[in-house]
Amino acid sequence: MSTTSKRLRMLMATGAVGTTLALVLAGCGARAGDEAAGSGTSAKPSCVDTSGSTVKLGFLNSLTGGMAISEKTVSNVLHMAADEINAGGGILGKKIEYVQEDGATDWPTFAEKTEKLLTQDCVAAIFGGWTSSSRKAVKPVVEKNNGLFFYPVQYEGLESSPNIYYTGATTNQQIIPAMDFLASKGVKRLFLAGSDYVFPRTANAIIKLYAAKLGIEIVGEEYVPLDKDDWTSQVAKIVAAKPDFIFNTINGSSNVGFIKAYYDAGLTAATTPIISVSIAEEEAPAMGHEVTGHYASWNYFQSLKTDTNPKFIESWKAYPNSSGVTSDPMEAAYISLYLYKALVEAAGSFDVDAVNAAAKKNTITFDAPEGKVTLDGENHHISKPGHIGQINANNQFDIAWASDKFIEPDPYLEGYDWFPADIRKQLVDAAG
Amino acid sequence: MDALIAPLLNGSAQGALLLLAALGLSLTFGQMGVINMAHGEFLMIGAFAAYLVQQVIAASNLSIPVALPVAFVVAGLFGLLLEVTIIQWMYRRPLDTLLVTVGVSLILQQAALHIFPSQGVPVEKPGWLDGQLNILGYEWPLRQLFTILLAAVCVAALAAWLKYTSFGRRIRATVHNRDLAETSGISTRTVDRLTFFAGSGLAGVAGVAASLIGGTNSQMGAQYIIPAFLVVAAGGIGQLKGTILAAWAVGVALSYFAYWTTGSLAQVLAFILVIVFLQIRPQGLFTVRTRSLA
Amino acid sequence: MTKLKPWISLGGIGVFAVLLLAVAPLVLTDHWLNNVGKYCCWAIAAVGIGLAWGRGGMLVMGQGVFFALGAYSMAMHLTLETAGDRIPGFMVLYDPLAPLPMFWEPFRSAGFTLLAIVLLPVIMAGILGYALFKRRVKGAYFAILTQALAVALATLISSTIRETGGDTGLSDFKYFFGFVLNDPANKLMVYLIAAALLIVCVLAVWQLYRSRFGELLVATRDAEERVRFLGYDPANIKLVAFVVSALMASIGGAMFVPIVGIITPAEIGAAASILMIAGVAFGGRASLFGPALGAMAVGWGQSSLGSTWPDGWTYILGLLFIVVILFLPNGLSSLTARFTVRARRGPDVPPTPAIVAAELEEVKS
Chain A
1 MSTTSKRLRM LMATGAVGTT LALVLAGCGA RAGDEAAGSG TSAKPSCVDT SGSTVKLGFL
61 NSLTGGMAIS EKTVSNVLHM AADEINAGGG ILGKKIEYVQ EDGATDWPTF AEKTEKLLTQ
121 DCVAAIFGGW TSSSRKAVKP VVEKNNGLFF YPVQYEGLES SPNIYYTGAT TNQQIIPAMD
181 FLASKGVKRL FLAGSDYVFP RTANAIIKLY AAKLGIEIVG EEYVPLDKDD WTSQVAKIVA
241 AKPDFIFNTI NGSSNVGFIK AYYDAGLTAA TTPIISVSIA EEEAPAMGHE VTGHYASWNY
301 FQSLKTDTNP KFIESWKAYP NSSGVTSDPM EAAYISLYLY KALVEAAGSF DVDAVNAAAK
361 KNTITFDAPE GKVTLDGENH HISKPGHIGQ INANNQFDIA WASDKFIEPD PYLEGYDWFP
421 ADIRKQLVDA AG
Chain B
1 MDALIAPLLN GSAQGALLLL AALGLSLTFG QMGVINMAHG EFLMIGAFAA YLVQQVIAAS
61 NLSIPVALPV AFVVAGLFGL LLEVTIIQWM YRRPLDTLLV TVGVSLILQQ AALHIFPSQG
121 VPVEKPGWLD GQLNILGYEW PLRQLFTILL AAVCVAALAA WLKYTSFGRR IRATVHNRDL
181 AETSGISTRT VDRLTFFAGS GLAGVAGVAA SLIGGTNSQM GAQYIIPAFL VVAAGGIGQL
241 KGTILAAWAV GVALSYFAYW TTGSLAQVLA FILVIVFLQI RPQGLFTVRT RSLA
Chain C
1 MTKLKPWISL GGIGVFAVLL LAVAPLVLTD HWLNNVGKYC CWAIAAVGIG LAWGRGGMLV
61 MGQGVFFALG AYSMAMHLTL ETAGDRIPGF MVLYDPLAPL PMFWEPFRSA GFTLLAIVLL
121 PVIMAGILGY ALFKRRVKGA YFAILTQALA VALATLISST IRETGGDTGL SDFKYFFGFV
181 LNDPANKLMV YLIAAALLIV CVLAVWQLYR SRFGELLVAT RDAEERVRFL GYDPANIKLV
241 AFVVSALMAS IGGAMFVPIV GIITPAEIGA AASILMIAGV AFGGRASLFG PALGAMAVGW
301 GQSSLGSTWP DGWTYILGLL FIVVILFLPN GLSSLTARFT VRARRGPDVP PTPAIVAAEL
361 EEVKS
């Protein structure tokens, strides 16, 4: 008995020592009410060193895990762009030296690697990410360390950050054009199918608001977890709901299961077409002929006839790790590196604040494969042309609709009166 | 009527796919006690084998029937390789096979990502599976009927093999009492290898069926592994009829839940259903009487 | 298992404590210190797994569930602390008018949160364990069942996006019980708390292993029937070990949140739960330090291998699983034991046949 209590005392003593130690140290830290807390950023001076002949950049893509099937190509295209820029003399005369990191389809890993790239490797900027969740994990870390992150995928909007540049579409450049296209087709009954995560949920919330304004009835809404392929039960519900069109926000390989179940049920592009926002030239081949005739809304298609597109397609086809086709997220990743080059050269410096100041002038442009894009210095998005493509038998897209001019980015949908101002305000407030 | 019939039929097909994935496990896990977490990747191997067969035989009407036995043999050989190199040293530590095979599955997944296009490959459905069958007003996709028939054929073949062949008898003898079987002159080593070959091969067949339903890529196997284990456990280890009933029940439950609630919630509810069932009846639906301890 | 003399164990814990609490903060950069903090959280859960699995023979493959209880309790509190009077930003869009979900309300209170981190896993593991052990669920059944629970919970969280943040998880915490998280001094404090908790957990299991309960637990693992014949109820013995391991997982999860700054369903699902087990197996499931060191090693391996070979590091991880389990059934700690014993006593030690027999029995039954 006595030994037990002795041991117990020892145990408690150790615990007490640890706690006291922690509390003593806690005395030094800032508290919620302190002045320091107000500013939020206690970033240490940047450790980026560009005094040599190179500049270090970080590429952060999931090369393992579920998202690797999509993100691998983005990583490869970033490597290609870096090689091209280096062959052309680099950025401000400095060759790009890149550090590739694996996000492992795990959002905390994205956060960890971002911090590593910024504070250990001292990279000047980071490029990558695919899912909105990965971007949301990276955001606080780049903001805390005052770094730069370039995100190359279309997303649900309602976000902007001084430390992130978005080279994919925001909602008013992809989803709203798609809805306008549906309205022009006389669609009355729309069904929403999506993966169960933040992008489809948010996109569909916006779609529902706009559909009400357009007089389109939403006849159903279904979500399936990202990693599940079987859509048969949900397709049975679609059959029963009798829609004229499907809005598809499914991401990843789950799309294959959806398209197959859809075809199996006898629903075809001729009777009830699908418009997708995550099926591009890369994804379509895995779905075979069953996807032919359906639509997709993007800004870039391989089939676009611009001056710069042929060169982009050619260099990609010749690249060692090529998949042979180009797609919107690849092109946006390609843009992101060149946009950074343009920003740095306009600023004359790799410094984050200088780069942001250069962006503010609203004069940064790049002759992208999708056309000449202009950076909006306030919200850090770029102008983009809207395109709707129809999938043909070669798994390429025939352009079915194109916006008459480039669409200016409007992440908070301020130019759209059907988007409730109070939600916008709450979102901006919450983002702080 | 539609609301009742559609989930029942869809669920039966879902259950059939689950059964195909679980059949192999009912051999390797049920009969041998090996917890093979790479079973899902054997399924993936079967699907990729179907794709490769289609590269040789372009007409999908013919290639899928050819792919079924090919997938069985290819996945089976992978299984045999796993048994000979790793599993055979671990029969005395069954729980550890779980961790070893997790390693195997990690390697197979990444290898598939490196070997094949990262987005996955298409496996074309044969033309004779296009179309629907009208059942009480519900247009039932023929492909689902195919999954059910395939599962039925596999079950019948497996049951006949276990029951009527001398090999089947040897497997059953080994399961009931390994030591006694060995003393009676049965080469338990050969039995183990063949069982593992057949179990993995069945995963390959399931892979062909899965490739007609979803994507054929490095990640496809992962979604089947836990549900398949649950089905085997709920059915009662080593009990074919239990596995069949459990797979069907889970498939139909999933489908009805999906019909009434959402796709995600259906997954959760189906899992909880099985977990609760196993709490009430930990030995599963049916039990096998063995002479082993406890 | 060879029994170490108490002073060796205590000395080891002392060295471990000095390394974690004094040496690490002095020599490591902020980034790596934070990473070590993360490994500590996994190690805390791993110590619990060592108790339940290594000593108790219960392969707990769903520790993610308890990790989640702690982590999400903490994350909800920190989210509310950051949001202040407002409704957390991610909830606004899906239903701007709806109030805060009911189950979030109590987590405004720091006291309730701390209590929840301790009590929730104890209650849940208590109920679950009671139901399972009284019905004599064990072996592979127990493993698969707990694994299924982790998958079910992860899917549930993924699908309740407005209530829990869904797949994206909860992140972007500004404060930790009134302290500004961005402040390096506060980050150090959070690290030290996690490291100290790890030391306390190791001490606690050391204490348990030396006690009568520890003996009974090992006895239950090796021959449950005999323990029953001796008049003990094995279910109760296992239940205590299971509850303690759940509590430790919850504490690990709770500290994970302020250190890593984000919690998502992926951190609690099947893969995460298996990685926790992997660390324990790697270090040595039944040894005192094995689980903690193994978990830290696997964490470190993930961080550093991922950087050296981004698109192939899982090959190495996979190979590691295979090699360690195949050749070192008792983990790396058996290496040291083998050497020290050989030096003292000569010939080889057989790999604990007791575990083997028990597992064989469990799978068959």
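Chains as they are written, first to last, in UniProt numbering: chain A, 1 to 432; chain B, 1 to 294; chain C, 1 to 365. Yeah, the Cβ is synthetic: ideal placement off N, Cα and C, and Gly gets one too. All figures in this text were calculated on a predicted structure; none of them were measured in a lab.
Secondary structure remark: continuous alpha helix (DSSP H) runs of at least 4 residues inside the region 237–300 of chain A, in chain order: 254–264. Within 10 angstroms of the beta-carbon of P329/A lie 16 or more other beta-carbons, which makes it buried. Beta-bridge annotation (DSSP): K144/A is not paired with any residue. Not one beta carbon of chain C lies nearer than 8 Å to the beta carbon of L192/A. In the three-state reduction of the DSSP assignment, K187/C falls in the helix class. Between the beta-carbon of P243/A and that of L190/A there is about 6 Å, and that keeps the pair under the 8 Å contact cut.
Approximately 11 Å separates the beta-carbon atoms of L78/C and F179/C; this is outside 8 Å, ruling out the contact. Around the CB of W260/B, fewer than 16 other CB atoms lie within 10 Å, so the residue is classed as exposed. M102/C counts as exposed, since fewer than 16 other C-beta atoms from the protein chains shown sit within 10 angstroms of its C-beta. F366/A has V373/A as its beta-bridge partners, per DSSP. Selection E112/A, G220/A, K260/A evaluated against W231/A yields K260/A as nearest (Cα-Cα). Interface with chain B (8 Å Cβ-Cβ cutoff): T73/A is included. In terms of Cβ geometry, D167/C and P88/C do not form a close pair [threshold 8 Å]. A distance below 8 Å separates the beta carbons of V65/C and A150/C. Neighbours of G312/C in chain B, taken as residues at a C-beta separation under 9 Å, are given in chain order as Q110, H114. For L95/B, same chain residues with a beta-carbon under 8 Å away, outside a window of 5 residues either side, are I35 in chain order. The region 134–170 of chain C is shown to contain whole alpha helix (DSSP H) runs of 4 or more residues at 139–159, 161–164, in chain order. Using a Cβ distance threshold of 8 Å, A125/A and Y340/A count as a contacting pair. Taking every protein chain shown into account, the CB of G93/A has fewer than 16 other CB atoms within 10 angstroms, so this residue is exposed.
Given a length threshold of 3 residues, each whole run of the beta strand (DSSP E) inside the region 173–214 of chain A is given here in chain order: 189–195.
Non-local beta-carbon contacts of C47/A in its own chain, meaning distances under 8 Å to residues more than five positions away in sequence, involve T119, C122 in chain order. Here G290/C has G283, G284, G331, S333 as same chain residues with Cβ atoms under 6 Å from its own Cβ, once five neighbours each way along the sequence are excluded.
For chain A, the residues of the region 241–271 of chain B that bring a beta carbon within less than 8 Å of one of its beta carbons are L254, S255, A258, Y259, T262, G263, S264, A266, Q267, in chain order. Between the region 314–327 of chain A and the region 341–356 of chain A, the count of C-beta pairs closer than 8 Å stays below three; the two stretches do not touch. The beta carbon of V180/C sits closer than 8 Å to some beta carbon of chain A.
Counting along the chain, F197/B sits inside the alpha helix (DSSP H) bounded by residues 188–211. Using a 10 angstroms sphere on the CB of A143/C, the tally of other CB atoms reaches 16 or more, which defines it as buried. At the C-beta level, Q110/B and Y315/C come within 8 Å of one another.
Note that the C-beta distance between A346/A and I335/A is not below 8 Å.
Following the DSSP letters along the chain, one finds T183/B in no beta strand (DSSP E) but inside the alpha helix (DSSP H) bounded by residues 178–183. Under the three-state reduction of DSSP output, D222/C falls in the helix class. In terms of beta-carbon proximity, E159/A stays away from the interface with chain C, with every pair separated by 8 Å or more. Here A219/C has V227 as same chain residues with Cβ atoms under 6 Å from its own Cβ, once five neighbours each way along the sequence are excluded. Annotation note: the region 94–179 of chain A contains the following uninterrupted beta strand (DSSP E) runs of length 3 or greater, listed N- to C-terminal: 95–102, 125–128, 149–151, 164–166. At least one beta carbon of chain B lies nearer than 8 Å to the beta carbon of I69/A. Under the Cβ criterion (8 Å, minimum of three pairs), the region 197–215 of chain B counts as touching the region 70–90 of chain B.
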